[in-house]
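Protein sequence lines, in the order shown, are assigned to chains D, Z, X and V. The UniProt record's numbering applies: residue 1 is where the first sequence begins, and numbers increase by one. The UniProt record's numbering applies: residue 1 is where the second sequence begins, and numbers increase by one. The UniProt record's numbering applies: residue 1 is where the third sequence begins, and numbers increase by one. The UniProt record's numbering applies: residue 1 is where the fourth sequence begins, and numbers increase by one. First up is the structure itself, then whatever we jot down about it.
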Amino acid sequence: MKKLINNPTHVVDEMIEGYVKAFPKHVKLLPENKRSIVTAKETRPEKVGVLIGGGSGHEPAFMGYVGDGMADGVAVGNIFASPPPDPILEVTKEIDKGAGVVYIYGNYAGDVMNFGMAAELADLEYGTNIGTVLVTDDVASAPKEEKEKRRGIAGEFFVTKAAGAAADKGYSLDDVVSVAKKANEYTRTMGVGLTPCSLPQTGKPSFELEANEMEIGLGHHGEPGIEKGELQPADRVADRLVQEILNDMPIGSGEKVAVLVNGLGSTTQMELYIMFRRVEQILSEKGIEIHRSYVGSYSTSLEMGGCSVTITKLDDELMELVDYPADCPMYVQR
Amino acid sequence: MKKLINNPTHVVDEMIEGYVKAFPKHVKLLPENKRSIVTAKETRPEKVGVLIGGGSGHEPAFMGYVGDGMADGVAVGNIFASPPPDPILEVTKEIDKGAGVVYIYGNYAGDVMNFGMAAELADLEYGTNIGTVLVTDDVASAPKEEKEKRRGIAGEFFVTKAAGAAADKGYSLDDVVSVAKKANEYTRTMGVGLTPCSLPQTGKPSFELEANEMEIGLGHHGEPGIEKGELQPADRVADRLVQEILNDMPIGSGEKVAVLVNGLGSTTQMELYIMFRRVEQILSEKGIEIHRSYVGSYSTSLEMGGCSVTITKLDDELMELVDYPADCPMYVQR
Amino acid sequence: MKFSAVDLKIFLKNVVEVMEDNKEYLSELDRKLGDGDHGVTMSIGWQAIDEKLNEELVAEEDCGKICITTGRTFLSAVGSSVGPLYATGFLRGAKVFQNKTELTGEDLKDFWVAFIEGIKERGGAEVGDKTMIDTLYPALESLKSNFEKEQDFVNAFTESVAAAHKGMESTKDLLSKRGRSSRLGERSLGNQDPGATSAYLILETFLTTINSVQTV
Amino acid sequence: MKFSAVDLKIFLKNVVEVMEDNKEYLSELDRKLGDGDHGVTMSIGWQAIDEKLNEELVAEEDCGKICITTGRTFLSAVGSSVGPLYATGFLRGAKVFQNKTELTGEDLKDFWVAFIEGIKERGGAEVGDKTMIDTLYPALESLKSNFEKEQDFVNAFTESVAAAHKGMESTKDLLSKRGRSSRLGERSLGNQDPGATSAYLILETFLTTINSVQTV
Ligand SMILES: Nc1ncnc2c1ncn2[C@@H]1O[C@H](COP(=O)(O)OP(=O)(O)O)[C@@H](O)[C@H]1O
Ligand SMILES: Nc1ncnc2c1ncn2[C@@H]1O[C@H](COP(=O)(O)OP(=O)(O)O)[C@@H](O)[C@H]1O
Ligand SMILES: [Mg+2]
Ligand SMILES: [Mg+2]
Ligand SMILES: [Mg+2]
Ligand SMILES: [Mg+2]
C-alpha cells in the first residue's frame, strides 16, 4: 500500500481541510464538527434542504456533490463508516430553511442507525421535518423479493441528482421525498471488482483475487460479491452486468434511460469508455434510448479496480431533473 | 495487468467509439480517420479554431477537452504516441472557420514532427493559417536554461483553457497564440510517481519502484524522473514539488495563481486533497493568492499512481480566461 | 462486592488496551465478512474514550456520568454500525448508574441487562443473525437467571462470559443476515463475526477487571 | 545485380516478420529509456504495411509506388516519433525508385542515401544524440564511400550494416539528447537506444534479403 498521506489517523480530516480550502466559493465547514460541510452559497428561504452523507473513501461521493442543484450539505464519516449523528445534526440545522430536510443515504446498517438517530434528534431538538430516502440500487446485494434489503452504491448519484434538482425547483419536502424514492425505484446498479483497495490504517487489501480473476457484485467497500470467475473481455463483462440489471428491472423498447458507467477508483477512463461502448450497443439493440450518459469515477471505493453500470429509467419528470444544471466542486452540469 | 478491455489492439478505437456515443450532443467523429473528433455544436464563423491532441492514455486529456470554451477538435494518437498528420489535418479542415487554427500540444519529438507536418500540409492544401503553441511546463524535464526543451504535462490544461476561452471571446489567431504562449510561460508543473502503468499491448510495468519508493519528476509516460527515493509523507512531497516550481518561477507575495493538483490515474481524490491542503498552506504562507483550484484527474498516464502540482501565475487577462465557463464532456465549469 | 467509579474507569482503560491489542485481529475478521474496518473503528472509538479518561473524567466520581461520556464519545468518534450500538449500550447502562459512585452487584447486573437490551433494541438483530447479539444475548440470559438464583454477581458474570464465548463461537456456523455481510449467504459460513468478537472482548475484560479489583 | 519489385516486397515482408519477432525486445529497450512502446509502435506500423502488401500492393510493379504506400501507411498507422521518421525515409527513397520496376545497385545505394538523409533532416538529430541516427549515419557514410570505391552494392551494403551495428552499439555509451529519454542524463548510460535498434534491424533485413534473393 503506497499512499500520498501523512498519518493514517488524519486522512479524513486533512482531506476535508484540503477540500474546503480548494473550493471556498462552493463549500464551507461548520464550526462544531470537523465533518459537516454545507454549501457556501446563500440558499433560498423555504427551499427543502438536501442532506447526503456516509462513510468517506467514495470520493467524489458524497462530499463532492454539495452545490447548486445537488445537495445542500454533507456529513462525512470515517473511511467506509457512517458519520455519527452529531455532524448530521449540525448540517441539518444549518440547511433547514423552514421547509424541512431530506436525508439521502445508502441502505447500510450503520447509516440507518446514525441517520435515524439524527432524524429523531432533529425533530426533537429543532422541530425540523425530516424526510428519509434510502438508496437500494445494488442488484447483487439481495434478491428481488428482498429489494428493501439492498444496499446503495453508485445509483445514489441519480437519486441525489433528482432530489437536488427537485428541491431547487421548489418541490415541497413530501414531493422531494417521493421523486427521490421514484428515482431509487427506477435505478439499478451492478458492479464488478478487479483489484482491491486498502484502508490507510490497516494497509491490507480488502479482498483477494487471483491475477486473472474478477468478482461480480462486489460491494462498495470490498464486501464479497456474488460470483468470482476468470476475467472476461470487457464486452462480456458489460453483457453480464446489463443483463442482471434488465432481468431485475425490465425496460421496454422506446423507453428512455440515463446510464452511468462508474469507475471504482483506479480504473482508467479508457476502460470505462470501452465498457460504455458495449452498454450502449446492448441498449440500442433493444430499442432503449440513452437520454444522458455519465462516464467516470462518480462513486469510488478508494483505489479499487473495476466498475459498475447504473441504469435509471426516466419518465418525463425524472428526465427534467436529470437534465437540470448542477454546480458542485466535483461535478458540474450545464 | 488486469484491464477491462477486449483486444489490446483495439483499445483506442473502442474508447473513441464509446466516447462519441456517450456524448453525441457534444462531440462527433469525422468520417475519414477514426481518430478525429470535433465539437458537435455549431461554431461561430470567424472564430479561431483550437486544435489539441497527442497520444491517448492521458484521458480526460486530450479528447475530453473538446467543447465550448475549450478546444474545437482533437486528434487522438495511439497510447503514448503522437497522432499522425492525417487526423490532425482532417480536424484542421473541419474547424477552420476562416480565422485560422491554433495547434496546442506537448513538446515531444513525435508530436512536434507530426503536428509540424500537418501544419505545413494544412497551409499547402487548404491555405489554413496555423499557429502553434508548444507546452513546456514540466520543470523536471530540462534545466531552466533549456526551458524550450521541456516537455508538456498537466499544465497543458491551463494553456488549452486560456486559448479556448480567448478564441471563444473572439481573439484573433495571433492573439490566441500569444495568450496561450503566455499561459505556458506562466505555468510550471512538477510530478511524483508512486506506481507504474502498463501498456495494454505489452502488459509490462512502465518502470520499477520498490514498495517504499517514489520518483520525483517522473515523465507523463513513465519516462524516468530526476530522483528516486523513499516515499515521504504527503506534506513533504508537496513541499518538494512546490519548492521546485517556485525555484524555477518565483512568485511574489500578493500575486495570484491557479493551482491544479492532478492525479496520474489510480491516485484517490482523498490523497489529492491531502496534497492540495499542503500546497495551499505553503502558498498562503508566502502571501500568494490561489484564485482558482482544480483537484482531480485532469491528465493521466493510464493507471499510474502519483500526482503532479501545476501552478499558473495569473495576470488580469489570464484570470479572466481561467474563469471563463467551459462545457466539455469531461470537464465543465460554470 | 463493591465496584467504585475508579474501578469502572480501570475497566474502561482495560478495554482501551484490549482493543488496541486486537485491532488487527478484528479488522482481519471484518475483511472476511465485511469492509475490514472493525478493528480500526473500535480503536478509534476507544482511543477517544481514553482521551476523556485522561482528561475530563479524571476526577469524575459519578458512574452514570462516566458512562454517558463513554457512550457519547464513542458515538461521536466512530459513527459506523457499532457507534450507535455500543453507545446505546453505555447510555442505557448510564441510567442504572445515575448519581452512583459505588456500585453493588445488583447495579452491575442491571447495567449489563440495560446495556445489552439497548443494543438489541437499537440494531433490531435477533440471535442467529450473526451479529454481536449472538454474543450478548446468551450472556444476558445467563446473567439474569444465575444472578436470580445466587445473587452473586461475580459468579453469575463468570457464567455469563462463558455463555458469551459460546455465542461468539456459534457465529462461525451462522449465515449472515444483518449488516455488511448479509449478502454473503453460504460464503459467510466458517467466519466468526467481528462484532460478536469485540462484544465478547468487552465482557471478558469486565470479568478480568472485577476479578483483579476484588483480589486487591 | 538486379532487384525487382517482387524482391522489394519480399524485403518489406521480411521486415514485418522481424518487427513481430522483436516487438517485446524493442519495447523492453524503450521501457528503460522512454515510454516502453517502441516495439508496439513498430509492430502496428509494419502490420499495417503487411495488409497493404497482401491487398493493394499485390500486383504493384512500380517500386516508387510501393515505397510511397509503405511510407504513408506507416505514418498513418503510428504517428509517434518514428512515424514521421521512417515514413520520410520511405517517401524520400520513393523518389529514387519512381517508375522503376527493376532496380540496379546504384538505385539501391541512392535509395538508402535518400532514406537516411530524409530521416536526419526530419528529426534534426546528430550522431551522438543517442537516436536511430547513430545507427543510420555511419551506415550512410560507409555505404557512400565503399560504393564509390567498388561500385558493388552488395559488398558496400554488407560493410554498411557492419557500421550500423557498431553505431547501434555505441548508443549504449551515449547520453540521451533527443526524444523521450533526453532528461535522463547519466541514467541513460548503459542502455541501447530502441530506435537505433529498429533501424539496425531494417538495414540488416535488407542485407539478408538481397543475399537470399541473389543466391536464387
Ligand atoms: N443491526 C445490528 N445489530 C447488532 N449488531 C450489528 C448490526 N449490524 C451490524 N452489527 C455488528 O457490527 C459489526 C460490524 O461493525 P463495523 O465493522 O465496525 O461496522 P461497519 O459494518 O459499519 O463497517 C458486525 O460484525 C455485527 O456484529
Ligand atoms: N529527433 C529524432 N531523430 C531521430 N530519431 C529520433 C528522434 N526522436 C526520437 N527518435 C528515435 O525514436 C525512438 C523512439 O521511438 P518510439 O518509442 O516509437 O516513439 P516515442 O518516443 O514517440 O514513444 C528513439 O529511440 C529514437 O531512436
Ligand atoms: Mg465500515
Ligand atoms: Mg510513445
Ligand atoms: Mg466493518
Ligand atoms: Mg517510445
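Every residue, glycine too, gets a C-beta built ideally from N, C-alpha and C.
For X:Asn191, three-class secondary structure by DSSP: For this step, residue 191 of chain X is matched to residue 191 along the third sequence. Coil.
Z:Met304 versus Z:Asn247 - alpha carbon distance: The count along the second sequence starts at 1 and reaches residue 304 of chain Z at position 304. The count along the second sequence starts at 1 and reaches residue 247 of chain Z at position 247. Spanning the two alpha carbons is a distance of roughly 27 angstroms.
CB contact below 8 angstroms: D:Phe80 versus chain X: For the purposes of this step, residue 80 of chain D is taken as residue 80 along the first sequence, with counting starting at 1. Yes, contact with chain X.
Under 7 angstroms from the C-beta of D:Glu17: neighbouring residues of chain Z: As a first step, residue 17 of chain D is located in the first sequence; it is residue number 17 there, counting from the start. Neighbours of D:Glu17 on chain Z, chain order: Arg277.
CB contact below 8 angstroms: Z:Met113 versus chain V: Here residue 113 of chain Z refers to the residue found at position 113 of the second sequence. Output row for Z:Met113: interface = yes.
Residue-chain proximity (X:Arg31, chain D), Cβ-Cβ < 8 angstroms: Here residue 31 of chain X refers to the residue found at position 31 when the third sequence is read from its first residue. Yes, because at least one Cβ of chain D sits closer than 8 angstroms to the Cβ of X:Arg31.
As assigned by DSSP and simplified to three states, the class of Z:Cys197: Position 197 of the second sequence, counting from 1, holds the residue named residue 197 of chain Z. Looking at Z:Cys197 - three-state DSSP - the assignment turns out to be coil, as it is neither helix nor strand.
Alpha-carbon to alpha-carbon, D:Tyr324 and Z:Val101: Taking the second sequence and counting its residues from 1, the one referred to as residue 101 of chain Z is at position 101. Taking the first sequence and counting its residues from 1, the one referred to as residue 324 of chain D is at position 324. Their backbone Cα atoms lie some 34 angstroms apart in a straight line.
8 angstroms Cβ cut-off: residues of chain V touching Z:Ala40: Locating residue 40 of chain Z in the second sequence gives position 40, counting from the first residue. None at all; the shortest Cβ gap to chain V is about 24 angstroms.
Length-filtered (3 minimum) beta strand (DSSP E) runs lying within the region 193-250 of chain D: 213-216, 227-230
Between the CA atoms of X:Ala125 and D:Ala180 - distance to the nearest angstrom: Position 180 of the first sequence holds residue 180 of chain D. Position 125 of the third sequence holds residue 125 of chain X. Between D:Ala180 and X:Ala125, the C-alpha separation is close to 28 angstroms.
Whole-Å CB distance - Z:Met1 paired with Z:Gly203, under 8 angstroms assumed: Stepping through the second sequence from its first residue, residue 1 of chain Z is reached at position 1. Stepping through the second sequence from its first residue, residue 203 of chain Z is reached at position 203. Yes, they are in contact, since the Cβ atoms of Z:Met1 and Z:Gly203 sit about 4 angstroms apart, within 8 angstroms.
Inter-residue Cα distance where the pair is V:Ala87 and V:Ser80: Taking the fourth sequence and counting its residues from 1, the one referred to as residue 87 of chain V is at position 87. Taking the fourth sequence and counting its residues from 1, the one referred to as residue 80 of chain V is at position 80. Taking the straight line joining both Cα atoms gives about 11 angstroms.
Candidates Z:Tyr298, Z:Val76, Z:Gly69, Z:Leu121: closest to Z:Lys93 by CA position: Numbered from its first residue, the second sequence carries residue 93 of chain Z at position 93. The shortest C-alpha separation from Z:Lys93 is found at Z:Leu121.
Reduced DSSP category for V:Val216 - H, G, I as helix; E, B as strand; rest coil: Residue numbering aside, residue 216 of chain V sits at position 216 when the fourth sequence is read from its first letter. With a pLDDT of 46 at V:Val216, under the threshold of 50, the modelled position of that residue is not reliable, and no figure is offered here.
Environment of X:Gln151 [buried if 16+ CB atoms lie within 10 Å]: Start at 1 with the first residue of the third sequence, and residue 151 of chain X comes out as number 151. When all chains shown are included, X:Gln151 counts as exposed.
Helix, strand or coil at X:Ala48 according to DSSP, with G and I counted as helix: Start at 1 with the first residue of the third sequence, and residue 48 of chain X comes out as number 48. Three-state result, X:Ala48: helix.
Nearest-angstrom Cα separation, counted from X:Leu75 out to X:Glu148: Residue mapping note: residue 148 of chain X aligns to position 148 of the third sequence, counting from 1. Residue mapping note: residue 75 of chain X aligns to position 75 of the third sequence, counting from 1. One C-alpha to the other measures close to 33 angstroms.
Cβ-based neighbour list, Z:Tyr64, same chain, cut-off 7 angstroms, excluding 5 preceding and 5 following: Position 64 of the second sequence, counted from the start, is the residue given in the question as residue 64 of chain Z. In the sequence as displayed, the identity of residue 64 of chain Z is Gly instead of Tyr. Excluding positions up to five away in sequence, the list reads Cys328, Pro329, Met330, Tyr331.
Cutoff 7 angstroms; reference Z:Ser301; Cβ partners in own chain excluding five residues on either side: Taking the second sequence and counting its residues from 1, one reaches residue 301 of chain Z at position 301. The answer, listed in chain order, is Gly57, His58, Cys197, His220, His221, Gly222, Leu264, Gly265.
8 angstroms Cβ cutoff met for residue 335 of chain Z and Z:Ile288: A query on residue 335 of chain Z cannot be resolved here, the shown segment of chain Z reaching from 1 to 334 and no further.
Proximity test, D:Gly191 beta-carbon vs ligand 5 heavy atom, cut-off 7 angstroms: Here the question's residue 191 of chain D lines up with position 191 in the first sequence. No; taking the cut-off as 7 angstroms, the Cβ of D:Gly191 has no heavy atom of ligand 5 nearer than that.
Collapsed DSSP secondary structure at X:Val127 in the structure displayed: Counting from 1 along the third sequence, the entry for residue 127 of chain X is found at position 127. Three-state DSSP puts X:Val127 in coil, outside helix and strand.
Extent of the continuous alpha helix (DSSP H) run through Z:Ser284: As a first step, residue 284 of chain Z is located in the second sequence; it is residue number 284 there, counting from the start. Taken as a continuous stretch (DSSP letters only), the alpha helix (DSSP H) holding Z:Ser284 covers 269-285.
Any non-hydrogen atom of ligand 6 within 7 angstroms of V:Gly34 CB: Counted from its first residue, the fourth sequence places residue 34 of chain V at position 34. Correct: V:Gly34 has its Cβ closer than 7 angstroms to ligand 6.
Under the three-state DSSP convention, the category D:Ala154 falls into: Start at 1 with the first residue of the first sequence, and residue 154 of chain D comes out as number 154. DSSP places D:Ala154 in coil when its eight states are reduced to three.
Cβ shell of D:Leu194 (< 6 angstroms), same chain only, five flanking positions each side left out: Locating residue 194 of chain D in the first sequence gives position 194, counting from the first residue. Counting only Cβ-Cβ distances below 6 angstroms, and skipping sequence neighbours, we find Met214, Gly305, Gly306.
Among V:Lys109, V:Gly167, V:Leu175, V:Asp30, nearest to V:Met1 - alpha-carbon criterion: Counting from 1 along the fourth sequence, the entry for residue 1 of chain V is found at position 1. Of the candidates V:Lys109, V:Gly167, V:Leu175, V:Asp30, the one whose C-alpha sits nearest the C-alpha of V:Met1 is V:Lys109.
DSSP-derived helix/strand/coil call for D:Val66: Start at 1 with the first residue of the first sequence, and residue 66 of chain D comes out as number 66. Reduced to three states, the DSSP call for D:Val66 is strand.
Stretch-stretch touch, CB-based, cutoff 8 angstroms, three pairs: the region 69-87 of chain Z with the region 37-54 of chain Z: Contact holds: three or more Cβ-Cβ distances are below 8 angstroms.
Contact set between V:Ile44 and chain Z, taken where Cβ atoms lie within less than 7 angstroms: Within the fourth sequence, numbered from 1, the residue matching residue 44 of chain V stands at position 44. Within 7 angstroms Cβ-Cβ: Asn78.
In DSSP terms, what V:Met132 is bridged to: The count along the fourth sequence starts at 1 and reaches residue 132 of chain V at position 132. In the DSSP output, where bridge partners are listed per residue, V:Met132 has none listed.
Proximity test, Cβ basis, 8 angstroms: V:Pro84 and chain Z: Taking the first residue of the fourth sequence as 1, we reach residue 84 of chain V at position 84. Taking Cβ atoms only, chain Z reaches closer than 8 angstroms to V:Pro84, which makes this a yes.
Interface flag, Z:Pro83 vs chain V, CB-CB below 8 angstroms: Looking up residue 83 of chain Z in the second sequence gives position 83. Yes, Z:Pro83 counts as interfacial toward chain V.
Same chain, Cβ closer than 7 angstroms to D:Leu314, five either side skipped, listed in chain order: If you number the first sequence from 1, residue 314 of chain D lands on position 314. Taking D:Leu314 as the centre and dropping the five residues before and after it, the same chain places the C-beta of Lys256, Val257, Ala258, His291, Val322 closer than 7 angstroms to its C-beta, in chain order.
Nearest residue (CA-CA) to Z:Gly229, options Z:Lys3, Z:Glu208, Z:Asn262: Taking the first residue of the second sequence as 1, we reach residue 229 of chain Z at position 229. Nearest C-alpha to Z:Gly229: Z:Glu208.
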